[in-house]
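J.: From first to last, the protein sequence lines stand for chains A and B.
Residue numbering for the first sequence follows my numbering, beginning at 1 and increasing consecutively.
Residue numbering for the second sequence follows my numbering, beginning at 158 and increasing consecutively.
Virtual Cβ for every residue (Gly too), placed ideally from N, Cα, C.
Number of protein chains: 2
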Amino acid sequence: MPRGFGKGAMLWHGRFRKHGYRLTLPRQAILDVLSRTTKHLSAEEIYIEVHRIYPSIGLSTVYRTLELLVQVSLIFKFDFGDGKARYELIRSLEREYHYHHHLICTQCNRVIDYTEFIKDEMELFKKTEKNLSKKYGFKINRHIVQFYGVCDKCIRR
Amino acid sequence: MPRGFGKGAMLWHGRFRKHGYRLTLPRQAILDVLSRTTKHLSAEEIYIEVHRIYPSIGLSTVYRTLELLVQVSLIFKFDFGDGKARYELIRSLEREYHYHHHLICTQCNRVIDYTEFIKDEMELFKKTEKNLSKKYGFKINRHIVQFYGVCDKCIRR
DNA sequence: ATTGGGAAAGAGAATCATTCTCAGTAAGGA
DNA sequence: TCCTTACTGAGAATGATTCTCTTTCCCAAT
Numbered sequence: 001m002p003r004g005f006g007k008g009a010m011l012w013h014g015r016f017r018k019h020g021y022r023l024t025l026p027r028q029a030i031l032d033v034l035s036r037t038t039k040h041l042s043a044e045e046i047y048i049e050v051h052r053i054y055p056s057i058g059l060s061t062v063y064r065t066l067e068l069l070v071q072v073s074l075i076f077k078f079d080f081g082d083g084k085a086r087y088e089l090i091r092s093l094e095r096e097y098h099y100h101h102h103l104i105c106t107q108c109n110r111v112i113d114y115t116e117f118i119k120d121e122m123e124l125f126k127k128t129e130k131n132l133s134k135k136y137g138f139k140i141n142r143h144i145v146q147f148y149g150v151c152d153k154c155i156r157r
Numbered sequence: 158m159p160r161g162f163g164k165g166a167m168l169w170h171g172r173f174r175k176h177g178y179r180l181t182l183p184r185q186a187i188l189d190v191l192s193r194t195t196k197h198l199s200a201e202e203i204y205i206e207v208h209r210i211y212p213s214i215g216l217s218t219v220y221r222t223l224e225l226l227v228q229v230s231l232i233f234k235f236d237f238g239d240g241k242a243r244y245e246l247i248r249s250l251e252r253e254y255h256y257h258h259h260l261i262c263t264q265c266n267r268v269i270d271y272t273e274f275i276k277d278e279m280e281l282f283k284k285t286e287k288n289l290s291k292k293y294g295f296k297i298n299r300h301i302v303q304f305y306g307v308c309d310k311c312i313r314r
């Protein structure tokens, strides 16, 4: 197990092996970038970060890896409406699980994570999910909630 | 007011004028296509439909118009993760308001509108929206909820 | 009715995020 | 060590969307 990566590495490694994949250096580097931020990075932003430390890692690899990481449920992919996908590490196994949804400003594309008022919601969605699964025969894996609006800064213009 | 378009035309016309835009033939044609379906059409699918009746209407116009329609809140734009945007007429003023969310199959990209179990949700979101607005100074205009999973047909494979 | 000016449209080029191809490299098991 | 397969980097290709430019349309003032 290479050094210099956080404790997530063990988890990641296991997750990869379970799916028959290897946890290679580029993959660790990308996961590491994502684990060190709470921002919603695009593929290119991730590429730039990774590239600073490992200049040999190419953009294709970043895209390929991100797709893989979504597939093995280590990251989420989001669309906030600005034409590029955004990625977030899934932190559900961390000590302080930061369950959240997004508030998106349609003028400046700012994204705010909010965690408030979410307890009732989790309950409701658990119920809804069960009902929908039964009614439509779906195996539901996740849901997203996004609020769109105009942020305080943009309102004052 | 040109003939051959549904009763939405009056509403549409008013909405356009309010924003200083004109309700032209291509715009009506596009709204008309959207008003005749409950599917989630892509820009190109809309173009093909429109083009059957008005072959002179170009793809650029379709894109331009769709953007405009989103801006004046006559349609919603969605991303279901398959690389192209989808559009839906907003029917909130129709007799039978079909408020719904989406269930998306991540394997075959099938999208199901569901309207069940939504009453509790509307209440909850009204509250949440108010709270978030206050706390973050956002003027919230809309929210989306999407469930991702694997549909019955894809499970049996 | 005529006309002047801004809005809107059509065609095609340009853009840009993402995906694909291909040839080379690395890693783990026999 | 060898072999198979996963993985990679580079760059080309793709495809949805946006932009540019010229022409056309609509409306209001004359």
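Under the rule that 16 or more other beta-carbon atoms within 10 Å means buried, what is C151(A), buried or exposed?
T.: Classification of C151(A): buried, given that the 10 Å Cβ count is 16 or more.
J.: Indicate the three-state DSSP secondary structure (helix, strand or coil) for F282(B) in the structure shown.
T.: Of the three classes helix, strand and coil, the one that applies to F282(B) here is helix, per DSSP.
J.: As an exercise, report each continuous beta strand (DSSP E) stretch of at least 3 residues that is fully enclosed by the region 237–269 of chain B, in chain order.
T.: DSSP runs (the beta strand (DSSP E)) wholly in the region 237–269 of chain B: 242–246 and 258–262.
J.: Please list, in chain order, the chain A residues whose beta carbon lies closer than 9 Å to that of L226(B).
T.: Under the 9 Å cutoff, chain A gives no residues; its nearest Cβ is about 15 Å from L226(B).
J.: Measure the C-alpha to C-alpha separation of I30(A) and R110(A) and round it to an integer number of angstroms.
T.: Cα to Cα, I30(A) sits roughly 23 Å from R110(A).
J.: Helix, strand or coil for T299(B), going by three-state DSSP, please let me know.
T.: Per the sequence shown, the amino acid found at residue 299(B) is Arg instead of Thr. Strand at R299(B).
J.: Check whether chain A comes within 7 Å of R174(B), counting only Cβ atoms and requiring the distance to be less than that.
T.: Not closer than 7 Å to any Cβ of chain A, the Cβ of R174(B) fails to qualify, so no.
J.: Can we say the region 215–234 of chain B touches the region 191–207 of chain B, given the rule of at least three CB pairs closer than 8 Å?
T.: As far as the Cβ criterion goes, the region 215–234 of chain B touches the region 191–207 of chain B, which means the pair count is three or higher.
J.: Report the rounded CA-to-CA distance for K241(B) versus S199(B), giving the unit in angstroms.
T.: Each residue's alpha carbon lies about 7 Å from the other.
J.: Is any beta-carbon of chain B found at less than 7 Å from that of N131(A)?
T.: Yes - at least one Cβ of chain B is within 7 Å of the one on N131(A).
J.: According to DSSP, which residues form a beta bridge with Y114(A)?
T.: DSSP, once it has assigned bridges, lists H101(A) as partnering Y114(A).
J.: Please report the residue range of the alpha helix (DSSP H) in which G294(B) lies.
T.: Here G294(B) belongs to no alpha helix (DSSP H), and DSSP marks it neither H nor E.
J.: Skipping 5 residues on each side, what residues in its chain have a beta carbon closer than 8 Å to that of F295(B)?
T.: Closer than 8 Å at the Cβ level, and outside the excluded window around F295(B), lie L289.
J.: Determine, using beta carbons only, whether R52(A) comes closer than 7 Å to chain B.
T.: Closer than 7 Å: no.
J.: Contact between the region 62–77 of chain A and the region 12–26 of chain A is defined here as three or more beta-carbon pairs at a separation below 8 Å; is this criterion met?
T.: Verdict: yes, contact present.
J.: For the alpha helix (DSSP H) holding F16(A), just list the boundary residues, first then last.
T.: Start and end: G8 to K18.
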